[in-house]
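Protein sequences appear in the order of chains A and B.
The opening position of the first sequence corresponds to residue 1 in the working numbering, with each subsequent residue numbered one higher.
The opening position of the second sequence corresponds to residue 1001 in the working numbering, with each subsequent residue numbered one higher.
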Amino acid sequence: MEGLIKLWGDTGLANFVPGQIVMMLVGALLLYLAISRGYEPLLLLPIGFGCVLANIPAAGFTDEGGLLWYVYHVGIETGIFPLLIFMGVGAMTDFGALIANPKMLFLGASAQFGIFATLFGAIALNLVPGFEFSLADASAIAIIGGADGPTAIFLASRLAPDLLGAIAVAAYSYMALVPIIQPPIMKALTTPAQRKIVMEQLRPVSKKEKVIFPLAVLFLTILFLPAATPLVGMFCLGNLMRECGAVDRLSNTAQNELINIVTIFLGLAVGSKLSAEKFLTVETIGILVLGAVAFSIGTASGVMMAKLMGKFSKTPINPLLGAAGVSAVPMAARVVNKVGLEANPHNFLLMHAMGPNVAGVLGSAVAAGILLALVG
Amino acid sequence: MDISEALATAANIMLLGMVCVFVFLGMLVLALKVLEKVAGGEVVPAVGVVPTKSNIQVDANVTAAITAAVHKFRQTKSND
């Protein structure tokens, strides 16, 4: 009988606490969104599964010495996983559209206003009872507005490790929701005539320019913003491997096998942070709301900047391009293309939108570096 | 930290952050313009029309040289 009681004491049924059941349902929801809806499945699936694993009672996945504890400790606490992902993203990114039209960098810059406005908003939320965000917390939350998963995880692991789970889930959820969040904002801020504007064809870009570009970006970062060099440096390394043509094998590994392996563990490690006591708090709701606000402000300020630039530019600029200034590559550029095509079925904006889109990646990495330098 | 003080700091970071992002990416715009001047002249092979054009140019030069040579040859011949 004693043995039976002991065995019962070791079952999941005897050990479940309500919070764990709720979190398992959250994990199941993430799995559903990934599998049935196709929302960022590459990340939401491992995150959802990690969430389920982390909430198994008495299994000890996230206790010191457990699998998820090690994965988190090795990959995220050290900041290595997001940086490896950034190298892979660099190896996948073609900067041709941006090099051909460098002005688009300003769109990528203005969309970062979402980040800094949300930083202010997160601090203001402290006026509401129940919220207590420090400046570091607020910075980590605000980076969700950069719409760049690895950057958000990197900054959160540096500034607010306790909020990492909620921040990563919010960042990836909103990136998956780009096609739903952005179009209403884009349409509200532009007239049909503005959406119909046809852009000039981009000039061809030489290989030499593409090879020198990552080196030039790195050089500027070294000189002016060393705090951003972990992110920008790995990004430039990946991009140089892609463009130089001498190390195709390394480039292929960085943009396929390596990024896939790291993605699995990154997702699991983020999921491991979705434990009931950390996630089921009023702060999580605040983070989700602030994330949506950050994203919307980023989109809006990008569109407004594109309108402003269009007034002064010699060549016409379609204001929709501004929305691609939040990173979320290539989803945001595709959304711009789609909304542009709705207004004018012959106007393909995809290549033009890739310029501000990759500028947004650089912009959010720079913003993360600035936040690290000022707050970290 | 007092809430109003924290808000002031946040506003400060907002201003400073946006200025920094713009200045940094603005410098990158300038760097790209310079890059275009330095390395942008190179012709992309994918265009396809350009090599034909240059072939024609080379052909024209060669033709001119041959024509000149033949002309001179004939002149010297007729002088004999």
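Backbone N, C-alpha and C define an ideal beta-carbon position, used for all residues, glycine too.
From a predicted model like this one, the values you see are computed outputs, not experimental measurements.
Exercise. Using a Cβ-Cβ distance under 7 Å, would V1021 of chain B count as near chain A?
Worked result: Stepping through the second sequence from its first residue, residue 1021 of chain B is reached at position 21. Taking Cβ atoms only, chain A reaches closer than 7 Å to V1021 of chain B, which makes this a yes.
Exercise. Hey, quick one: how far does the alpha helix (DSSP H) through A140 of chain A stretch, first residue to last?
Worked result: In the first sequence, the residue the question calls residue 140 of chain A occupies position 140. Where A140 of chain A is concerned, the enclosing alpha helix (DSSP H) stretches over 135-142.
Problem set entry | Distance between F16 of chain A and G369 of chain A (C-alpha atoms, nearest Å) | Start at 1 with the first residue of the first sequence, and residue 369 of chain A comes out as number 369. Start at 1 with the first residue of the first sequence, and residue 16 of chain A comes out as number 16. For G369 of chain A and F16 of chain A, the distance between alpha carbons rounds to 42 Å.
Exercise. V217 of chain A and V232 of chain A look like a contact to me (Cβ under 8 Å); what is the Cβ gap, rounded to whole Å?
Worked result: As a working note, residue 217 of chain A is residue 217 in the first sequence. As a working note, residue 232 of chain A is residue 232 in the first sequence. Indeed they touch by this definition, with Cβ atoms about 6 Å apart.
Exercise. N1005 of chain B touches chain A at which residues, Cβ-Cβ below 9 Å?
Worked result: Counted from its first residue, the second sequence places residue 1005 of chain B at position 5. A small correction: the amino acid at residue 1005 of chain B is Glu; Asn does not occupy that position in the sequence shown. Chain A residues near E1005 of chain B: none, gap ~10 Å exceeds 9 Å.
Exercise. Can you check whether the CB of A193 of chain A is closer than 7 Å to the CB of I287 of chain A?
Worked result: Taking the first sequence and counting its residues from 1, the one referred to as residue 287 of chain A is at position 287. Taking the first sequence and counting its residues from 1, the one referred to as residue 193 of chain A is at position 193. No, the Cβ-Cβ distance between I287 of chain A and A193 of chain A is not below 7 Å.
Problem set entry | N- and C-terminal bounds of the alpha helix (DSSP H) containing D10 of chain A | As a position in the first sequence, residue 10 of chain A is number 10, starting the count at 1. First-last for D10 of chain A: undefined, no H or E at that position.
For this session: Locate the alpha helix (DSSP H) running through R249 of chain A, then write down its first and last residues.
Result: Sequence index remark: in the first sequence, residue 249 of chain A carries index 249 (1-based). Counting along the chain, the alpha helix (DSSP H) containing R249 of chain A begins and ends at 248-253.
For this session: Thinking I123 of chain A and A1006 of chain B are a contact (beta carbons under 8 Å), I'd like their distance in whole angstroms, please.
Result: Indexing the first sequence from 1 puts residue 123 of chain A at position 123. Indexing the second sequence from 1 puts residue 1006 of chain B at position 6. Rounded, the Cβ-Cβ distance is 5 Å, consistent with contact.
For this session: In the DSSP assignment, find the unbroken alpha helix (DSSP H) run with G302 of chain A in it and report its ends.
Result: By one-based count along the first sequence, residue 302 of chain A stands at place 302. 282-312 is the span of the alpha helix (DSSP H), which, as asked, contains G302 of chain A.
Exercise. Which residue's Cα is closest to the Cα of F348 of chain A: A:G340, A:F133, A:T78?
Worked result: Against the first sequence, residue 348 of chain A aligns to sequence position 348. In terms of Cα proximity to F348 of chain A, the closest of A:G340, A:F133, A:T78 is A:G340.
Problem set entry | Stretch pair the region 80-92 of chain A + the region 250-260 of chain A: three plus CB contacts closer than 8 Å | Flag = yes, the region 80-92 of chain A and the region 250-260 of chain A touch.
Exercise. Interface residues of chain B around G102 of chain A at Cβ under 7 Å?
Worked result: Locating residue 102 of chain A in the first sequence gives position 102, counting from the first residue. The question names Gly, yet the displayed sequence has Pro at residue 102 of chain A. Correct list: V1029, L1032, K1033.
Exercise. What is the rounded straight-line gap between the Cα of K196 of chain A and the Cα of K338 of chain A?
Worked result: Counting from 1 along the first sequence, the entry for residue 196 of chain A is found at position 196. Counting from 1 along the first sequence, the entry for residue 338 of chain A is found at position 338. Using only the alpha carbons, I get a separation of about 12 Å.
Exercise. Within the 7 Å Cβ cut-off, does A1008 of chain B reach chain A?
Worked result: Counted from its first residue, the second sequence places residue 1008 of chain B at position 8. It does not; no Cβ of chain A falls within 7 Å.
Exercise. Apart from the five residues on each side of it in sequence, which residues of its chain come closer than 7 Å, Cβ to Cβ, to A228 of chain A?
Worked result: For this step, residue 228 of chain A is matched to residue 228 along the first sequence. Closer than 7 Å at the Cβ level, and outside the excluded window around A228 of chain A, lie T221, A365, V366, A368, G369.
Exercise. Helix, strand or coil: how does DSSP classify M199 of chain A here?
Worked result: Here residue 199 of chain A refers to the residue found at position 199 when the first sequence is read from its first residue. Correct three-state label for M199 of chain A: coil.
Problem set entry | Rounded separation between E209 of chain A and P102 of chain A - CA only | Taking the first residue of the first sequence as 1, we reach residue 209 of chain A at position 209. Taking the first residue of the first sequence as 1, we reach residue 102 of chain A at position 102. C-alpha separation (whole angstroms): 12 Å.
Exercise. Going by the beta-carbon positions, is the gap between Y172 of chain A and E40 of chain A smaller than 7 Å?
Worked result: Sequence index remark: in the first sequence, residue 172 of chain A carries index 172 (1-based). Sequence index remark: in the first sequence, residue 40 of chain A carries index 40 (1-based). Yes, the pair counts as a contact, with Cβ atoms nearer than the cut-off.
Exercise. Is it the case that the Cβ atoms of V451 of chain A and A343 of chain A are separated by a distance below 7 Å?
Worked result: The requested residue 451 of chain A is not part of the displayed model; chain A covers only 1 to 376.
Exercise. Quick one: does A1039 of chain B have its CB under 7 Å from some CB of chain C?
Worked result: Any reference to chain C falls outside this structure, whose protein chains are A and B.
Problem set entry | Burial state of G1048 of chain B, where buried means 16 or more other Cβ atoms lie within 10 Å | Residue 1048 of chain B sits at position 48 when you count from the first residue of the second sequence. Below a pLDDT of 50, predicted positions are generally treated as unreliable, and G1048 of chain B, at 48, falls in that range; no measurement from the model is reported.
Problem set entry | Run of the alpha helix (DSSP H) containing G50 of chain A, from where it starts to where it stops | As a first step, residue 50 of chain A is located in the first sequence; it is residue number 50 there, counting from the start. Looking at the DSSP string, the run of the alpha helix (DSSP H) that includes G50 of chain A is 41-54.
Exercise. Taking buried to mean at least 16 other C-beta atoms within 10 Å of its own C-beta, is K1053 of chain B buried or exposed?
Worked result: Mapped onto the second sequence, residue 1053 of chain B falls at position 53. Summary for K1053 of chain B: the model assigns pLDDT 49, below 50, so the residue's position carries little reliability, and this model does not support an answer.
For this session: List the residues of chain B whose Cβ lies closer than 9 Å to the Cβ of G66 of chain A, in chain order.
Result: Numbered from 1 along the first sequence, position 66 holds the residue referred to as residue 66 of chain A. The premise fails here: G66 of chain A is roughly 36 Å from chain B at the closest Cβ pair, so nothing lies under 9 Å.
Exercise. Which class does I317 of chain A belong to by DSSP, given the choice of helix, strand or coil?
Worked result: One-based indexing of the first sequence puts residue 317 of chain A at position 317. If DSSP states are grouped into helix, strand and coil, I317 of chain A belongs with coil.
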